[in-house]
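Take a look at the structure set out below.
Residue numbers (this note's numbering): 124 to 638.
Here it is, written out as C-alpha cells:
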C-alpha cells in the first residue's frame, strides 16, 4: 500500500470513530429528549394497536376508562355523600352496604360462563356489553329521578349499577386473558393499558365529582352515572366479532361447553400452583380491613376532623388517581420483569408502612410537626395509591398466568370472584370493627385504634408470601397439557378476532425491544 494512502486511512479512522460515537450519543440524547418522552406513550399505543385488534383497544378504553375508572370514581364520592347526607346512616352501616356492591363481582364466574359458552344469535361478547349497558343505565336513572327512596330500593339500584360494570368487566377480561395466553410478551403491557385507562378515568371522575355534588346535590348527581353504561351499549354494536353460522347447534354446543368449562375449572383450581396464589390474593385483601367510611365521615366532620369541603374531597381522590397513573408507569418501566414473589413481598411491606400515615393524620401528629392538613392528606393519598397500584398489578398479571386456554374467560372470572370476596370481606370486616369500637357519625375517639389494627393485619400478611410463586411474570405457571387439552376440547373458534395469530411471542418481544 502506498504510504500516502496509509496516512489517509489513519487520518480517516478517528473521524469515522468519532462519527459513530456522535451518532450513538445523538440516539441516547433523542431517547431522553422531552419530545421522545412525550411521544413514547403514543408509540406504545400504536404498537399495541398493530398487534391487537383496534376494537379490542377501544373496548379496554370504554370498560376500564369510562365504566370502571370514571364511573367507579364518581360513584364512590357521590354515593358516600348520598348515604351520609340523604339517607343519613352510620359509617359502619355504609361499610356493610358497600360490601353488597361486590355481590355482582362475586358472581363473575357466572357471567364468565355465559360469555364463554352461551352465545346469543351467534355472538359471544357483543350481547353482554349491551346487557351491561342497559342494566347500568336503568339503575342510575331510577335512583336519580325517583327522589328519596327506601334504603332497600336505593341499595338495589346501586347494586344494579355495579352489576353492569361487572358484566362488562368480565366480558373484556375474557378477551384480555385470551390475548395474554396467546401473546405472553404483551401481558404486562395489556395490564398497564388497563391500569392507565382506569387511573385516567378515575382522575376525571374524582376531579368533577365534588363540583357536581356541590352544585347538583348527591341525588341529582347520580344521573350522570347513566353516561358510561350508554357507551357500553355503543361498544356492543361496534366491536368486531365473527358471528357463528351454526345457530341450530348452539344449544348443544352451550351444554358441551359448560361441561368442558366446569371440568377444566375443577381440574385447574386443584393444582397447587393455582390454589396457593389464589388463597394469597384472597387473604391479602380480606386481612386489610377497610376503614374508608370512618375516614370519610371524619374528613368531613366540622368538629372532630379537618372539615374538608366537597370539592376538596374530590381533589384528594383526583390527586390519588394521578398517583395511580404514576404507579402504573413505575410498574411498566421498572417492575414488570421482576419475579412475582419478590415484587409482591416488597410491595406488601410498603403497603403496611404507608398505613401508618393514616394513623399519623388521625392523631393529628402532622400538626405537631407543622404540616398542614391539606398538604399532608394529599401526600398521604399519593403514597398509598402508588403503592397500592404497584401491589395490585403483579397480582392481576399472575391471575392471567393461571388461566387455561379455552375457558380463560370463565377461569379469570373465578379468580376475580375470589378477589371480590376478599374485598367484600375487607368491607364487612372493617364495618364490624368500626361498630365494635363505636365509631359513629359524630364519635371518632377510637378511629385511631381501628387504623392500628388494620395496619397490624397488613404486616401479618407478609407471613403468607410463601403462597406466591417465584417465577417471572413472563413464565407459564400451569402445565402445558392442561392448556392443550382445554384448547382442543373447547368450542369452535368462532369468537372475537382480537389478535393476528401469525405473530409469535418472539416476534412481538423483538418489536417491543425495538420500540
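Glycine included, C-beta positions come from ideal geometry on N, C-alpha and C.
*Roughly how many whole angstroms lie between the Cα atoms of residue 298 and residue 193?*
Translated into the one-based positions of the chain shown, residue 298 becomes position 175. Translated into the one-based positions of the chain shown, residue 193 becomes position 70. Roughly 21 Å between the two C-alpha positions.
*Taking the alpha-carbon positions, what's the residue 212 to residue 434 distance?*
Here the question's residue 212 lines up with position 89 in the chain shown. Here the question's residue 434 lines up with position 311 in the chain shown. In this structure, the CA atom of residue 212 is about 22 Å from the CA atom of residue 434.
*Express the C-alpha separation of residue 296 and residue 259 in angstroms, rounding to a whole number.*
Reading the chain shown from its first residue, position 136 is the one you call residue 259. Reading the chain shown from its first residue, position 173 is the one you call residue 296. Just so you know, the alpha carbons of residue 259 and residue 296 end up roughly 18 Å apart.
*Would you check if the distance between the CB atom of residue 513 and the CB atom of residue 454 is smaller than 8 Å?*
By 1-based counting over the chain shown, the position of residue 513 is 390. By 1-based counting over the chain shown, the position of residue 454 is 331. For residue 513 and residue 454, yes; Cβs fall inside 8 Å.
*Would you call the CB atoms of residue 332 and residue 201 closer than 8 Å?*
Counting from 1 along the chain shown, the entry for residue 332 is found at position 209. Counting from 1 along the chain shown, the entry for residue 201 is found at position 78. Contact: yes.
*Which term fits residue 516, buried or exposed, when burial requires 16 or more other beta carbons within 10 angstroms of its beta carbon?*
Position 393 of the chain shown, counted from the first residue, corresponds to residue 516. It counts as buried.
_Distance check for residue 511 and residue 279, CA to CA, integer angstroms please._
Indexing the chain shown from 1 puts residue 279 at position 156. Indexing the chain shown from 1 puts residue 511 at position 388. Going by C-alpha positions, residue 279 is about 29 Å away from residue 511.
_Only counting the same chain, and skipping five residues up and downstream in sequence, which positions put a Cβ closer than 6 Å to that of residue 422?_
In the chain shown, counting from the first residue as 1, residue 422 sits at position 299. Here the set comprises 428, 431.
*Three-state class that DSSP yields for residue 506 in the structure shown*: As a first step, residue 506 must be located in the chain shown, where it is residue number 383. In the three-state scheme derived from DSSP, where H, G and I count as helix and E and B as strand, residue 506 is classed as helix.
_Given residue 195 as reference, the closest of 292, 275, 219, 488 once Cα atoms are compared_ = Numbered from 1 along the chain shown, position 72 holds the residue referred to as residue 195. Looking at the Cα atoms, 292 is the closest of the given residues.
*asked:* Beta-carbon within less than 6 Å of residue 235's beta-carbon, same chain only, minus the 5 sequence neighbours each way: which residues are those?
replied: For the purposes of this step, residue 235 is taken as the residue at position 112 of the chain shown. Cβ contact annotation for residue 235 (same chain, cutoff 6 Å, sequence separation greater than five): 293, 532, 533, 536, in chain order.
*Identify every residue that forms a DSSP beta bridge with residue 243.*
Locating residue 243 in the chain shown gives position 120, counting from the first residue. For residue 243, the beta-bridge partners assigned by DSSP are 246.
*Roughly how many whole angstroms lie between the Cα atoms of residue 229 and residue 544?*
Within the chain shown, residue 229 is the residue found at index 106, counting from 1. Within the chain shown, residue 544 is the residue found at index 421, counting from 1. Cα-Cα distance, rounded: 6 Å.
*Could you check how far apart the C-beta atoms of residue 252 and residue 359 are, in whole angstroms? I think they sit under 8 Å.*
Sequence index remark: in the chain shown, residue 252 carries index 129 (1-based). Sequence index remark: in the chain shown, residue 359 carries index 236 (1-based). At roughly 4 Å, the Cβ-Cβ gap stays under 8 Å, so residue 252 and residue 359 are in contact.
*Return yes when the Cβ of residue 306 is within less than 8 Å of the Cβ of residue 174, no when it is not.*
Counted from its first residue, the chain shown places residue 174 at position 51. Counted from its first residue, the chain shown places residue 306 at position 183. The answer is yes: Cβ separation under 8 Å.
*Taking the Cβ atom as the reference point for each residue, do residue 412 and residue 324 lie within a distance shorter than 8 Å?*
Indexing the chain shown from 1 puts residue 412 at position 289. Indexing the chain shown from 1 puts residue 324 at position 201. In terms of Cβ geometry, residue 412 and residue 324 do not form a close pair [threshold 8 Å].
_Residue ranges of each alpha helix (DSSP H) within the segment 171-219, 4 or longer_ = Within the segment 171-219, the complete alpha helix (DSSP H) segments at least 4 residues long are 177-183, 194-204, listed from N- to C-terminus.
*asked:* Whole angstroms are fine: how far does the CA of residue 286 sit from the CA of residue 321?
replied: The sequence position of residue 321 within the chain shown is 198, counting from 1. The sequence position of residue 286 within the chain shown is 163, counting from 1. The straight-line gap separating the alpha-carbon atoms of residue 321 and residue 286 is approximately 18 Å.
*asked:* By alpha-carbon positions, which one of 191, 284, 584 ends up nearest to residue 407?
replied: For the purposes of this step, residue 407 is identified with residue 284 of the chain shown, where counting begins at 1. Of the residues 191, 284, 584, the one whose Cα lies closest to the Cα of residue 407 is 584.
_DSSP state of residue 568 mapped onto helix, strand, coil_ = As a position in the chain shown, residue 568 is number 445, starting the count at 1. In this structure, residue 568 counts as coil in the three-state DSSP scheme.
*Put residue 424 into one of helix, strand or coil per three-state DSSP.*
Within the chain shown, the letter at position 301 stands for residue 424. Here residue 424 sits in coil by DSSP.
*Cβ-Cβ distance between residue 217 and residue 416 below 8 Å*: On the chain shown, position 94 is the one that residue 217 refers to. On the chain shown, position 293 is the one that residue 416 refers to. Yes, they are a contact pair.
*Top-ranked residue by Cα proximity to residue 334, from 461, 438, 283, 267*: For this step, residue 334 is matched to residue 211 along the chain shown. It is 438 whose Cα lies nearest to the Cα of residue 334.
*residue 461: first and last residue of the uninterrupted alpha helix (DSSP H) it sits in*: Residue mapping note: residue 461 aligns to position 338 of the chain shown, counting from 1. Segment: none, residue 461 is in no alpha helix (DSSP H) and carries neither H nor E.
*asked:* Do residue 249 and residue 362 have their beta-carbon atoms positioned less than 8 Å apart in this structure?
replied: Counted from its first residue, the chain shown places residue 362 at position 239. Counted from its first residue, the chain shown places residue 249 at position 126. It is a contact, given that the beta carbons lie within the stated cut-off.
*Specify, as a first and last residue, the run of the alpha helix (DSSP H) that residue 280 falls within.*
Walking along the chain shown from the start, residue 280 turns up at place 157. Residues 274-305.
*How is the alpha helix (DSSP H) around residue 311 delimited, first residue to last?*
Position 188 of the chain shown, counted from the start, is the residue given in the question as residue 311. Run containing residue 311: 310-339, per the alpha helix (DSSP H) assignment.
_Endpoints, alpha helix (DSSP H) assigned at residue 453_ = Sequence index remark: in the chain shown, residue 453 carries index 330 (1-based). Run containing residue 453: 433-453, per the alpha helix (DSSP H) assignment.
*Just how far apart, CA to CA, sit residue 346 and residue 185?*
The residue you call residue 346 lines up with position 223 of the chain shown. The residue you call residue 185 lines up with position 62 of the chain shown. Straight-line Cα distance between these residues: approximately 19 Å.
_Cβ separation of residue 501 and residue 319, assumed to be a contact under 8 Å, to the nearest whole Å_ = Residue 501 sits at position 378 when you count from the first residue of the chain shown. Residue 319 sits at position 196 when you count from the first residue of the chain shown. The pair is not a contact, with the Cβ atoms about 21 Å apart (cut-off 8 Å).
*Starting from residue 226 and walking both ways along the alpha helix (DSSP H), at which residues does that stretch end?*
Along the chain shown, one-based indexing puts residue 226 at 103. In the DSSP assignment, residue 226 falls within the unbroken alpha helix (DSSP H) covering 226-229.
_Taking the alpha helix (DSSP H) that residue 355 belongs to, which residues open and close that run?_
Within the chain shown, numbered from 1, the residue matching residue 355 stands at position 232. Looking at the DSSP string, the run of the alpha helix (DSSP H) that includes residue 355 is 350-361.
*Three-state secondary structure assigned by DSSP to residue 560*: Position 437 of the chain shown, counted from the first residue, corresponds to residue 560. Secondary structure of residue 560 (DSSP, three-state): coil.
*Looking at residue 224 and residue 281, is the spacing between their C-beta atoms short of 8 Å?*
As a first step, residue 281 is located in the chain shown; it is residue number 158 there, counting from the start. As a first step, residue 224 is located in the chain shown; it is residue number 101 there, counting from the start. Cβ distance < 8 Å, so residue 281 and residue 224 count as in contact.
*If residue 197 sits next to residue 316, beta carbons under 8 Å apart, how far is it from one beta carbon to the other, in whole angstroms?*
Here residue 197 is taken as the residue at index 74 of the chain shown, counted from 1. Here residue 316 is taken as the residue at index 193 of the chain shown, counted from 1. Contact between residue 197 and residue 316 is absent: CB atoms are separated by about 21 Å, not below the 8 Å threshold.
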